[in-house]
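Please read the structure below before turning to the comments.
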Amino acid sequence: MSKIISAIKLHRNVVGLMGSLLINNILYMFINTFMVAYFITLTNYDYKLISVYYVLSFIGILITFLLLSKTVKDKNSVILFRSGIIFYCFYILLIALLKEKIVNYYAFLGFFYGVVQGLFWVAGHTLINENTKNMENSFISVKSILSKILRVFFPIIFGISIELTSFSYIAKIVIFLSLLQFIFSLLIKEEKTKSKPKYDLKRYFNYIKNNDKFKLAYKISACDGIIHYLLETLITILIVMTFKTTISLGVITTVFSILSIISVYIFQYKLKSNKKILLISAISMVISLFLLLIDIDKITIIIYNFCNSVFLVTLMNAAETKGYDIIHEDKKVADDYIVEHQAIWQIVLNISRIIGYFVLFIASLFNNMLVFKFLLILVTIIILYYSKLMMKFKK
């Protein structure tokens, strides 16, 4: 913790990055939780459209990474980072203007959102790697804790405000947050680094193709693509279907965000992420899923969210930290191939996301709770495999 505090005092880039990423997490919460809930309500719980929306958004991310990774390495990554923030603001403005008509433009909105995310993260990952060397663990842990603190307040604010006013009214407030994010990004300056080899994805792939650690990292990325997005969407659907209101969604998200803060602090700073914790986390997720399979009601959803907030957060935080650590364990990758590494990571991640939401689309055609439960089983199996991969990193 002391490393990141010292860095914040001395390095404006770290302040700009931290502020931009924290606000991005609030925007992410708004789009991927409350917009999903709003969308589901407008379509009368028809999650075919939301599946297509996400598939197109991940295609947008994938295309943006493939087209712009070379630009990030050879030119100015900060400009692209700010461009992503500006387009994010336009995207939220579109949502505010379209209101209920977002259902009619779901395909365009999905792809546009993917391009926005691609612009933000194609530069964002590189900036994080370049500016947090030797303190990745501290940076990610502090970011995670501060994000969870924000998730204590904003979900209930969003939920109550949407219920009392309108979704489009809250979207206008979110635009202000997007502008604040842009102001934070102005603190980030391009670092002068030594000349690097030109962007060459094929050469990088040949360099790491026999490296077991990097292959393990990309397998974890593939699992993360299913767990991080698809599971969150499934749980949002279950909460909205069971509790019916966005206020309930906000309250539940707030309560379990508090648990996430405690979880990140205890496991990251006190116990560290050892094998026993990873195993306990995986088993807890399986037990909570088993209860959901028996009966989906308010109690089992709350239990599942408890395990998700305490144990799955532990797994994912450990994986995110390792994803940045592994780069600096290989000096050549750290010095010459950071952008190529992120490109491969995103290719794997978004292909797995596309597959996950395609499966959700197929499940939606049957419109059967049994099929929905099958999806939960599938995600939990992937969580178990995810845990196994993380344990291999501990060897």
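If you use this note's numbering, the sequence shown closes out at 398, no skipped numbers anywhere. From the three backbone atoms N, C-alpha and C, an ideal C-beta is built for every residue, glycine too. Source: prediction; values computed, not measured.
Am I right that Asn353 and Gly228 are in contact with their C-beta atoms under 8 angstroms? What's the rounded C-beta distance?
Rounded, the Cβ-Cβ distance is 7 angstroms, consistent with contact.
When burial is assigned at 16 or more other CB atoms within 10 Å of the CB, is Leu71 buried or exposed?
Under this definition Leu71 is a buried residue.
In whole angstroms, what separates the C-alpha of Lys218 from that of Phe208?
Those two C-alpha atoms are separated by around 11 angstroms.
Classify Asp338: buried if its beta carbon has 16 or more other beta carbons within 10 angstroms, exposed otherwise.
It is exposed - the Cβ of Asp338 has fewer than 16 other Cβ atoms within 10 Å.
Leaving out the 5 sequence neighbours to the left and right, which residues in its chain are closer than 6 angstroms to Ile211 when beta-carbon positions are compared?
Within the same chain, Ile211 has close Cβ partners Phe217.
Counting pairs of beta carbons, one from the region 378-387 and one from the region 226-244, are three or more of them closer than 8 angstroms?
Yes, they touch.
Short check: CB of Asn16 to CB of Ile186, under 7 angstroms?
Going by C-beta atoms, Asn16 is not nearer than 7 angstroms to Ile186.
Which first and last residues belong to the alpha helix (DSSP H) in which Glu343 is found?
Run containing Glu343: Ile341 to Phe369, per the alpha helix (DSSP H) assignment.
Does Lys12 come out as helix, strand or coil in the three-state DSSP assignment?
With a pLDDT of 44 at Lys12, under the threshold of 50, the predicted position of this residue should be treated as unreliable, though the coordinate-derived value follows. In this structure, Lys12 counts as helix in the three-state DSSP scheme.
Counting Cβ pairs, one atom from each stretch, are 3 or more of them under 8 angstroms apart for the region 301-315 and the region 280-290?
Short answer: they touch.
Measure the alpha-carbon distance for Lys76 versus Cys226 and round it to whole angstroms.
The straight-line gap from Cα to Cα measures roughly 27 angstroms.
Here's a check: name, in chain order, each residue in its chain whose Cβ is nearer than 6 angstroms to the Cβ of Ala126, leaving out the five neighbours to either side.
Within the same chain, Ala126 has close Cβ partners Val75, Ser80, Leu83 and Phe84.
Alpha carbon to alpha carbon, how far is Asn213 from Leu180? Give it in angstroms, no decimals.
In a straight line, the C-alpha of Leu180 is about 44 angstroms away from that of Asn213.
Roughly how many whole angstroms lie between the Cα atoms of Leu69 and Lys301?
Rounded to whole angstroms, Leu69 to Lys301 spans 43 angstroms at the Cα level.
Counting C-beta neighbours from all protein chains within 10 Å, is the total for Lys12 16 or more, i.e. buried, or is it exposed?
Residue placement at Lys12 is flagged as unreliable, the pLDDT there being 44, under the threshold of 50; a coordinate-derived value is accordingly withheld.
Suppose you measure from the CA of Ile306 to the CA of Thr324; what does that come to, to the nearest Å?
Those two C-alpha atoms are separated by around 27 angstroms.
Can you name the start and end residues of the alpha helix (DSSP H) that Glu235 belongs to?
It spans Glu235 to Phe246 - the alpha helix (DSSP H) in which Glu235 sits, taken as one unbroken run.
Do Ile95 and Ala174 have their CB atoms nearer than 7 angstroms?
It is a contact, given that the beta carbons lie within the stated cut-off.
Rounded to the nearest angstrom, what separates Met4 and Met32 at their Cα positions?
Confidence in Met4 is poor, its pLDDT being 49 and thus under 50, which makes the residue's placement unreliable; the coordinate value appears in the next sentence. Between Met4 and Met32, the C-alpha separation is close to 25 angstroms.
Assuming Tyr56 is part of the alpha helix (DSSP H), what are its boundary residues?
Residues Lys51 to Asp77.
Does DSSP put Asn134 in a helix, in a strand, or in coil?
Helix at Asn134.
According to the neighbour-count rule (16 or more other Cβ atoms, all chains shown, within 10 Å of its Cβ), is Arg206 buried or exposed?
So Arg206 counts as exposed.
Could you have a look at Asp333 and say whether DSSP puts it in helix, strand or coil?
In this structure, Asp333 counts as coil in the three-state DSSP scheme.
By Cβ distance below 7 angstroms, which residues in the same chain neighbour Ser188 in space, the five residues on each side in sequence not counted?
Cβ neighbours of Ser188 beyond the five flanking positions: Gly19, Ser23, Phe84, Arg85 and Ile88.
DSSP three-state label for Asn107, please.
In the structure shown, Asn107 sits in coil (DSSP, three-state: anything other than H, G, I, E or B).
Hey, out of Ile131, Ala346 and Leu65, whose CA is closest to Val118's CA?
The option with the nearest alpha carbon to Val118 is Leu65.
Within the same chain, show all residues whose beta-carbon is closer than 7 angstroms to that of Ser129, passing over the 5 residues directly before and after it, in chain order.
Rather than Ser, the amino acid found at residue 129 in this sequence is Thr. Cβ neighbours of Thr129 beyond the five flanking positions: Val75, Ser80, Ile341, Val342 and Gln345.
Anyone know if the C-beta pair for Gln184 and Ile34 falls short of 7 angstroms?
No, these two residues do not count as a Cβ contact at 7 angstroms.
Rounded to a whole number of angstroms, what is the C-alpha to C-alpha distance between Val177 and Leu392?
If I take the Cα positions, the gap works out to 37 angstroms.
Suppose you measure from the CA of Ala366 to the CA of Leu378; what does that come to, to the nearest Å?
The alpha-carbon atoms of Ala366 and Leu378 are separated by roughly 8 angstroms.
Could you tell me the distance, in whole angstroms, from the CA atom of Leu281 to the CA atom of Ser390?
Taking the straight line joining both Cα atoms gives about 6 angstroms.
Whose C-beta lies closer than 6 angstroms to the C-beta of Leu52 among residues of the same chain, with five residues either side of it excluded?
Closer than 6 angstroms at the Cβ level, and outside the excluded window around Leu52, lie Thr46 and Tyr109.
Identify which residue in Val336, Met244 and Ile350 has its Cα closest to the Cα of Phe375.
Phe375 has its Cα closest to that of Met244, out of Val336, Met244 and Ile350.
Given this structure, state the Cα-to-Cα distance separating Cys310 from Ser284, to the nearest angstrom.
Rounded to the nearest angstrom, the two C-alpha atoms are 8 angstroms apart.
Please list the terminal residues of the continuous alpha helix (DSSP H) segment that includes Met38.
From DSSP, Met38 is part of no alpha helix (DSSP H); its letter is neither H nor E.
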